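Residue numbers for the sequence shown, in the numbering used here: 36 to 153. Beta carbons are placed, not taken as given, at the ideal position from N, Cα and C, and that holds for glycine. Remember, it's a predicted structure, so these values are computed and weren't measured experimentally.
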Amino acid sequence: MTIDKTGAETNVTHLADENRYQISVDGRVAGLTAYRDRDHDGTAERVFYHTEVGPDFGGRGLATIVIQEALDDSIAAGKLIVPVCPMVRHFLSEHADYAEKSRKVTPDDINWIQSVTT
């Protein structure tokens with residue numbers, strides 16, 4: 036468990052059948068980061084395309100917590116991170132230690148994620 040900015044304990048759960056990581060505070064779902072997996076040119080990739088935190092939970096650092104735990108778990112599973120989601124992309128821009136485990140987004144990535152999520 037991780038502590039948010041208010042001192043509350045958080046819990047991040049990987050819901051693989053729903054292609055997302057979910058963060059909860061005091062047993063209440065507070066937010067998520069969603070992804071799709073794919074094999075792209077022989078590389079196992081995890082494409083993160085959406086992150087959100089509920090309005091009752093804003094300003095507590097929960098997006099950062101769920102993103103970091105999701106990225107760490109994805110990398111441990113051998114996935115290369117593709118940050119279509121602006122929040123994930125921003126996190127990566129501030130954490131250079133993830134650079135070798137991620138790549139820049141291309142127009143093909145955006146087209147692909149739109150085709151599989153709509």
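Answer yes or no: do residue i and residue j have a C-beta to C-beta separation smaller than 8 Å?
i      : j      : result
ALA88  : ARG71  : The sequence given here has Val at residue 88, not Ala. For VAL88 and ARG71, no; Cβs fall outside 8 Å.
VAL123 : PHE92  : no
THR152 : TYR84  : yes
TYR56  : GLU104 : yes
I believe residue i touches residue j by the beta-carbon criterion, under 8 Å. Please report the beta-carbon distance rounded to the nearest angstrom.
i     : j     : result
GLY62 : ALA98 : Going by Cβ atoms, the distance from GLY62 to ALA98 rounds to 19 Å, so no, they are not a contact pair.
Shortest alpha-carbon distance to residue i belongs to which of the options?
i      : options                        : result
GLU80  : THR153, ASP144, GLN149, THR152 : ASP144
THR68  : ALA43, THR41, VAL119, GLY113   : VAL119
LYS114 : ALA134, PRO121, ARG95, THR45   : ALA134
ALA51  : ASP39, ASP74, PRO121, ASP108   : ASP108
LYS136 : GLN149, HIS49, ALA112          : ALA112
HIS49  : GLY94, PRO90, ALA43, LEU106    : LEU106
GLY94  : GLN149, MET36, ALA43           : ALA43
In angstroms, rounded to a whole number, what distance separates the CA positions of residue i and residue j?
i      : j      : result
VAL101 : THR41  : 16 Å
THR86  : GLY77  : 27 Å
PHE126 : ASN146 : 22 Å
THR45  : ASP132 : 24 Å
GLY96  : ASP39  : 6 Å
ARG73  : ILE58  : 24 Å
ILE148 : PRO90  : 26 Å
THR37  : ILE110 : 19 Å
SER150 : HIS75  : 15 Å
VAL47  : GLU53  : 14 Å
ILE116 : VAL64  : 24 Å
Residue ranges of each beta strand (DSSP E) within the stretch 109-141, 3 or longer: Contiguous beta strand (DSSP E) elements confined to the stretch 109-141 occur at 115-118, taking only those with 3 or more residues.
In chain order, each beta strand (DSSP E) run of at least 3 residues that lies wholly inside the stretch 66-105: Fully enclosed beta strand (DSSP E) runs of 3 or longer: 78-88.
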